[in-house]
Amino acid sequence: MQHFDLDVAFSSPVGRLRFIGRWPAIALLACLVFHASARNVWAADARTADSPRRPNLILLVTDDQRWDTLGAVGNRIIRTPHLDRLARQGVVFTNAFCTTSICATSRASLLTGQYARHHGIIDFRTPLDEEAFRNAFPDRLRQSGYRTAFIGKWGLGGPLPKQRYDFWHGFSGQGRYFPKDGSGHLTHRMGDAALQFLDTCTPEQPFCLQISFKAAHVQDRDPHPFQPDPRYNDLYVDAVIPRPHSATPEAFAALPEFLRTSEGRVRWQRRFANEAMFQQSVKDYYRLITGVDDVVGRIVSKLQSSGLDRQTVIVFTSDNGFFLGEHGLAGKWFMYEESIRLPLVYYDPRLPKKLRGRRVDAMVLNIDIAPTLLELAGLTPPETMDGQSLVPWVEQRSARQRDDWFYEHRFKHPRIAQSEGVRGRRWKYVRYVEFDPPYEQLFDLQHDPYELNDLARAPQAQDRLQAMRERWKQWCEQLDATGK
Ligand SMILES: [Ca+2]
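Under the working numbering, the first residue of the sequence shown is numbered 9, with each subsequent residue one higher.
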């Protein structure tokens, strides 16, 4: 601050006149020379010390990690000490959701800040088009001077966009936890790549690093679906994972037939069909997440040792949730809470103490991440973005509370019924759009948080059903009117 005050004294007319009145001409000349050099010194200082400097950004995205698999949100079995520490020193969003619960679509939403209806990615083959890339956060940040990096599962179709990043260590498709060359578990190797990138970072240029972990996604078409690093084999061996409240034959029997015969049930048979399978699958799923947590620890240590920690914001989330046997199902896709809720930890070392260690219960979405990163970088999100920045929630500035939001899942699969819906704070409306007439569900989340009692055909709920149906229609019209 002293520097700043001195600079003002020299710059202001009053300050100059005072000097001219007292000093001879030679002293005035010396003063002006000093003035010019002082301005440069103070300006350089301001860039590094008083933090008008833009923060580094790290976005960590896990795969298929459900919202409640962090110690920080009350899971007493899973071990995630490094993420828990970030949560204690940061902000946890306890009502975070994806607008589409499947890898490719949700990742496109993370990049572009858009609903699927707007970015148009509903399968694993279609790439983002050039305009979508240009409006996505990595391009915007790079164009504004950030050094950008991507590590891990790209998850979208088309050629890998290596040239759009300054540092690229991504892969297409699903990847393998254990590569044929025996070079170690994929999560650990992604951690190595992250440290390699951080080694090349300096305080002079802000960076944005996105790591998209494969964990805790299953290894598809493998007899052993959850494949953690053997170093975690001793973890959780004595734990007994409690069966989820809605993982009952009655809950399964209450589903419509197209869900009872869905891909969710096919995969349930392979993972959760009996108690031993359930314990094994969930423990391995937890081990995969603990592996990610260790990488988070390595990244935080590296930031500290390289002096970048005080200027680096870390946002941790997942692309979608995951059933662990609820309703007799596995996988995701459908609009049940287990499938659509995300973990979301936000850590900003620059936050004052009074803003740390808080929980925000406002409904926030995967489409909010991109505008958040842009706001942190001092950029205005492009008009294409549907989401809204999380920064006002974090800084306790006035933020617009969502009353509801739109869900859509239009991936074409013979055993995954396409759905749309509206998720309000209390009411959830689901519409399986391929049936004629559409099959609807209505849940009162306040009185039925496990979604065991579908009210869509209950006489007393018909007014509410009609209101939610109208809301769904309004959302469709609004999004169709603003999209391409
Ligand atoms: Ca996923």
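Backbone N, C-alpha and C define an ideal beta-carbon position, used for all residues, glycine too.
query: According to DSSP, C216 sits in a beta bridge with which residue or residues?; result: L65, T156
query: Report the three-state DSSP secondary structure of V304 (helix, strand or coil).; result: helix
query: Less than 9 angstroms separating the beta-carbons of P211 and R155?; result: no
query: Please determine whether the Cβ atom of N328 lies at a distance below 8 angstroms from any heavy atom of ligand 1.; result: yes
query: If I measure Cβ to Cβ from L168 and keep anything under 7 angstroms in the same chain, skipping five residues before and after, which residues do I get?; result: W162, G178, S180
query: Check for me: the alpha helix (DSSP H) holding R268 runs from which residue to which?; result: 265-268
query: Whole angstroms is fine: what's the gap from D488's alpha carbon to G190's?; result: 49 angstroms
query: How big is the Cα-Cα spacing for Q468 and Y294?; result: 42 angstroms
query: The beta strand (DSSP E) spanning T325 covers which residue range?; result: 320-326
query: Which residue's Cα is closest to the Cα of R306: D207, E334, R184, F414?; result: D207
query: Label A228 either buried or exposed according to how many other C-beta atoms from any shown protein chain fall within 10 Å of its C-beta, with 16 as the threshold for buried.; result: It is Asp, not Ala, that sits at residue 228 in the sequence shown. D228 is exposed by the Cβ-count criterion.
query: Check whether the Cβ atoms of D382 and F221 sit closer than 9 angstroms, and answer yes or no.; result: Reading the sequence as shown, one finds Leu at residue 382 and not Asp. Going by C-beta atoms, L382 is not nearer than 9 angstroms to F221.
query: Return helix, strand or coil for D452, following the three-state DSSP convention.; result: strand
query: Give the secondary structure of L359 by DSSP, where H, G and I count as helix, E and B as strand, and everything else as coil.; result: coil
query: Quick check on the DSSP output: the alpha helix (DSSP H) that includes V402 runs from which residue to which?; result: 399-402
query: Quick test of your reading: V303 and A157, contact by CB under 8 angstroms. State the CB separation rounded to the nearest angstrom.; result: Not quite, the Cβ-Cβ distance comes to about 15 angstroms (not below 8 angstroms), so this is no contact.
query: Count the other C-beta atoms from every protein chain shown that fall within 10 angstroms of the C-beta of S347, then say buried if there are 16 or more, exposed otherwise.; result: buried
query: Could you have a look at H90 and say whether DSSP puts it in helix, strand or coil?; result: helix
query: Is any non-hydrogen atom of ligand 1 found closer than 8 angstroms to the C-beta of I3, if you look at the structure I gave you?; result: No information on residue 3 is available, as it lies outside the stretch 9 to 492 that the chain covers here.
query: Cutting at 6 angstroms between CB atoms, please list the residues of its own chain near E428, excluding the five before and the five after it.; result: E416, R439, V441
query: On the CB-based measure, 16 or more other CB atoms within 10 Å of its CB, does K362 come out buried or exposed?; result: exposed
query: Can you tell me the Cα-Cα spacing of R268 and D456, whole angstroms?; result: 21 angstroms
query: Note down, in chain order, each residue of its chain lying with its Cβ closer than 6 angstroms to the Cβ of R479, except the 5 sequence neighbours on either side.; result: V430
query: Across the segment 281-296 and the segment 353-369, are there enough close Cβ pairs to call them in contact, namely three or more that are closer than 8 angstroms?; result: no
query: Would you mind giving the Cβ-Cβ distance between T255 and G336, rounded to the nearest angstrom? I have them listed as a contact below 8 angstroms.; result: Position check: residue 255 holds Ala in this sequence, whereas Thr was assumed. The pair is a contact, with the Cβ atoms about 7 angstroms apart (cut-off 8 angstroms).
query: For ligand 1, is there a heavy atom less than 8 angstroms away from the beta-carbon of H225?; result: yes
query: Apart from the five residues on each side of it in sequence, which residues of its chain come closer than 7 angstroms, Cβ to Cβ, to P264?; result: Y447
query: Apply the 10 Å Cβ neighbour rule to T490 and answer buried if 16 or more other Cβ atoms are within range, or exposed otherwise.; result: exposed
query: Would you kindly report the start and end of the unbroken alpha helix (DSSP H) that includes K436?; result: That residue, K436, is in no alpha helix (DSSP H); its beta strand (DSSP E) goes 435-440.
query: Report the rounded CA-to-CA distance for A38 versus S117, giving the unit in angstroms.; result: Any reading at A38 must be qualified, since the residue scores a pLDDT of 42, below 50, and its modelled position is unreliable; no value is offered.
query: Would you decide whether E334 is buried or exposed? Buried here means 16 or more other CB atoms lie within 10 Å of its CB.; result: buried
query: Quick check: what's the CA-CA separation for T102 versus L67?; result: 18 angstroms
query: What do you get for H436, buried or exposed, if any count of 16 or more other CB atoms within 10 angstroms of its CB means buried?; result: It is Lys, not His, that sits at residue 436 in the sequence shown. Label assigned to K436: buried.
query: Mind checking who K420 pairs with in its DSSP beta bridge?; result: Looking at the DSSP assignment, K420 forms no beta bridge with any residue, so it has no partner.
query: Output the distance between the C-alpha atoms of S109 and E271, rounded to the nearest integer angstrom.; result: 14 angstroms
query: Nearest CA to the CA of V399: which residue from R410, A259, T380, G386?; result: T380
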